[in-house]
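Start counting the sequence shown at 184; every next residue gets the next number (this note's numbering).
For each residue, glycine too, the CB sits at the ideal point set by N, CA and C.
As the structure is a computational prediction, the values presented were derived from the model and not from experiment.
Okay, so here's the structure we're looking at.
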Amino acid sequence: MLAGVTAVGLVLGLAGCEVRVPGLAASRVEPVAEPIADPRAGADGFAVRLRVIVEDGATLVLVPLRVNGRGPFEFILDTGASTSTVDRRLVGWLGLPRTGETARVTGVTGSAVVPVVKLADWTLGGRPLRGRRLTVTDIGDDRVAGLLGSDELRRFGAVTVDFRRQRLVLRAR
184 MLAGVTAVGL VLGLAGCEVR VPGLAASRVE PVAEPIADPR AGADGFAVRL
234 RVIVEDGATL VLVPLRVNGR GPFEFILDTG ASTSTVDRRL VGWLGLPRTG
284 ETARVTGVTG SAVVPVVKLA DWTLGGRPLR GRRLTVTDIG DDRVAGLLGS
334 DELRRFGAVT VDFRRQRLVL RAR
């Protein structure tokens, strides 16, 4: 678990634009050109809208990311994932170039060696994320385009998931 992660309340659903990718469900998150004003973010932080899905006792927190200027696409906010990853269907649809490298990824169901792709850019709330090389996996959920992991989240001083207000608040270090 990432230090500084908190959760407050619960509200479901968020209407917005739809982006269709063959094999992936439409993104239902409003694209956020500018960060949302939230005093908890501090002067150098920001907040973005999120969507929460609760079903069969599991909770998915989805955040809108733009990849190479396209999207938004919904990525699972996964503080337990050490690396961010992108679903193979989005890789194909966007034509993301493979680097020729591979990486070993390990999860609760085992480990595998997977390809790596290079992004020109990816953004959260209009702010660039640092990592440009992502592993490619089959996420196995057609609503999800990838995982936003702790490799990106740890650069922030605190990460707050506000379920009631449907926001992800990121504070600078």
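For my contact list, valine 246 and leucine 233 are in at a C-beta cut-off of 8 Å; report their separation, rounded to the angstrom.
5 Å
Look at valine 244 and valine 352 and say whether their C-beta atoms are less than 8 Å apart.
no
4 or more residues per run - each alpha helix (DSSP H) lying fully within the segment 236-286
271-277
If you count every other CB in all the chains shown that lies within 10 Å of the CB of aspartate 239, and 16 or more means buried, which is it?
exposed
Assuming arginine 316 and glutamate 335 are in contact, meaning their beta carbons sit under 8 Å apart, how far apart are those beta carbons, in whole angstroms?
That pair is no contact at about 12 Å.
Please name the residue in Pro255, Ser265, Pro280 whose C-alpha comes closest to that of arginine 271.
Pro280
Cβ-based burial, alanine 355 [other Cβ within 10 Å; buried from 16]
exposed
I need the straight-line Cα distance from leucine 260 to glycine 332, nearest angstrom please.
7 Å
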